[in-house]
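Per numbering that gives the first Met the number 0, residue 0 is the first one in the sequence shown, and the count goes up by one each step.
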Amino acid sequence: MNINENEYVFVNFTELTSKEKEIVLIWRNDISIRKWMYNSSEIKWEDHIRFIDSLGERKDRLYYLVKRNDVSIGVFSLLDYTGKEGEWGYYLAPEYHGSNLGVEFYYAVLSYCFTYLKLEKLIGFALLSNVGANSLNRLFGFVSQVVTKDGYDEQYNSLFLSREIWQRSIVNDKKIKRLLKLTQNKV
């Protein structure tokens with residue numbers, strides 16, 4: 000099912016066309032994206048398709064291609080999804096890095112999580128060295144602490160954002176509203 004949130008559409012990975020699957024894989028394998036992943040190795044087409052096919056049987060994971068005005072601009076996922084919480088991940092398509100579209104994309108995904116999915120809380124992890132992601136996390140009210148994840152050498156910010164904080168502090172934040180105006184008509 001495709002979900003519309005304002006001018007954003009969230010297309011479940013299980014409903015992607017072959018071309019959309021290819022686009023997602025190209026983005027995921029781009030060094031500017033994969034260098035921030037737990038698994039920074041390149042993914043093969045066969046493994047990518049096998050993974051997408053497996054999502055149809057899983058209720059604990061949600062993956063979406065995010066479109067704005069019918070243009071594919073990024074990916075968003077929820078792992079360990081329980082209906083009330085999940086561990087989120089996201090990336091903006093490489094061609095939109097540095098475009099200021101990231102703030103609007105981030106806002107739309109959070110709005111989707113707390114408004115449509117009705118999550119109570121989001122958790123996540125960002126490499127400490129990922130300055131851009133950590134800046135967005137702070138801007139949007141995520142509480143964080145530095146951790147080392149089992150099996151990984153690098154340090155991460157462990158992130159938490161509740162629906163209550165989202166609704167009370169972020170939805171009408173003046174700085175975020177100003178930044179959102181900067182992205183109008185970007186795509």
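C-beta: ideal position from N, C-alpha, C; glycine also.
- Sixteen is the threshold: when 16 or more other Cβ atoms of the shown chains lie within 10 Å of the Cβ of R67, as they do, the residue is buried.
- When secondary structure is reduced to three states using DSSP, S161 falls in the strand class.
- Selection W44, E6, S39 evaluated against E19 yields W44 as nearest (Cα-Cα).
- Comparing alpha-carbon positions, the option among F159, E119, F124 lying closest to Y151 turns out to be F124.
- Put simply, the backbone Cα of N28 is about 18 Å away from that of L15.
- Closest by C-alpha distance to F75, out of G101, L138, K83, is G101.
- Approximately 6 Å separates the beta-carbon atoms of S143 and S157; this is inside 8 Å, confirming the contact.
- I48 is classed as exposed because its beta carbon has fewer than 16 other beta carbons within 10 Å across all chains shown.
- Taken in chain order, the complete alpha helix (DSSP H) segments of 4 residues or longer contained in the stretch 98-173 are 100-110, 130-138.
- The C-alpha of H96 is placed about 17 Å away from the C-alpha of S128.
- In the three-state reduction of the DSSP assignment, R49 falls in the helix class, which pools H, G and I.
- Secondary structure note for N28: its alpha helix (DSSP H) is the uninterrupted segment 17-28.
- With at least 16 other beta carbons inside 10 angstroms of its own, R162 counts as buried.
- Beta-bridge partners of L64 (DSSP): V10, V74.
- Nearest to F50 by C-alpha distance, out of F12, Y155, F159, E103, is F12.
- Here Y95 is not bridged, per DSSP, to any residue.
- With a cutoff of 7 Å on beta-carbon distance, D52 and Y80 are scored as not near each other.
- I25 sits exposed, since fewer than 16 C-beta atoms from the chains shown fall within 10 Å of its C-beta.
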